[in-house]
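Enquirer: For reference, the structure I am asking about is given below.
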Amino acid sequence: MVYQKDFPTLLQAAALLPPNALVAIAGDGPRRRRLEAAAPPNVRFLGNLPHADARDLFRAADVFALSSVYEGTGLVMVEAAAARKPIVATDVAGAADVVVNGVTGFVVPVRDPVALAARLVELIEDPGRAAAMGRRGREHVHARFGPARTEEGLLAMWEKTVR
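Per our numbering, residue 189 is the first one in the sequence shown, and the count goes up by one each step.
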């Protein structure tokens, strides 16, 4: 839980969600105590989770949110998409690698809790659309980051290095 992840924006967005919308935050870090103190009642801090538990958390989720102020291609977004979850992410460099806006999820402005909450509510209130976006997200990341694509990229890199 570091500055770049901008959890304060996520907490502000969580406060704007319907009261029965639970926001689960996995992980730990130097800002956790302050964030917990500022969190609305619908937020749960789960701490660090073993990878198997994180997979279960993805399965249980309806949508995945990322509120970063800067980010590369975040593995957590790839994992969420692979788990068939629609993603609402801030407009950071890595979001475009995983989120096709309006197709696999939504991209919202950085530090805009109202926009983040609005898109989350949109997906929470339309589970059919959320599921369709999640399926398309899985297809997208499999095509972009799957084993065949990774192997192809490694071979190209090695060939270029050898020359």
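Even for Gly, the Cβ is constructed at its ideal location relative to N, Cα and C.
Nothing here was measured: the structure is a model prediction, and the numbers come from that model.
Using DSSP with H/G/I as helix, E/B as strand and the rest coil, what is T278?
Expert: Note: T278 maps to strand in three-state DSSP.
Enquirer: Who does N232 pair with in a DSSP beta bridge?
Expert: Reading off the sequence, residue 232 comes out as Arg, not Asn. In the DSSP output, where bridge partners are listed per residue, R232 has A212.
Enquirer: Just verifying my parser: in three-state terms, what is the DSSP assignment at V295?
Expert: Here V295 sits in strand by DSSP.
Enquirer: By how many angstroms is the C-alpha of R247 removed from the C-alpha of A271?
Expert: Approximately 7 Å, taken between the alpha carbons.
Enquirer: Determine, using beta carbons only, whether I275 comes closer than 9 Å to chain C.
Expert: The structure shown contains no chain C; it is built from a single protein chain.
Enquirer: Is DSSP giving L205 helix, strand or coil here?
Expert: Coil at L205, not helix or strand.
Enquirer: Within 8 Å: the Cβ of A283 and any heavy atom of the ligand NAP?
Expert: What this structure holds is no ligand at all, so the ligand NAP is not there to describe.
Enquirer: Label L311 either buried or exposed according to how many other C-beta atoms from any shown protein chain fall within 10 Å of its C-beta, with 16 as the threshold for buried.
Expert: Looking at its Cβ environment, which holds 16 or more other Cβ atoms inside 10 Å, L311 is buried.
Enquirer: Rounding to the nearest angstrom, what Cα-Cα distance links P335 and V286 in this structure?
Expert: Distance between the alpha carbons of P335 and V286 is about 16 Å.
Enquirer: For A253, name the three-state secondary structure that DSSP assigns.
Expert: The answer is strand: DSSP assigns A253 an E or B state.
Enquirer: Report the residue from D250, V266, G293 whose alpha carbon sits nearest the alpha carbon of N208.
Expert: Nearest C-alpha to N208: D250.
Enquirer: Tell me the rounded alpha-carbon separation between V211 and R351.
Expert: Their backbone Cα atoms lie some 50 Å apart in a straight line.
Enquirer: Alpha carbon to alpha carbon, how far is A226 from V309? Give it in angstroms, no decimals.
Expert: So the two alpha carbons sit approximately 21 Å from each other.
Enquirer: What's the C-alpha gap between K193 and G262?
Expert: One C-alpha to the other measures close to 11 Å.
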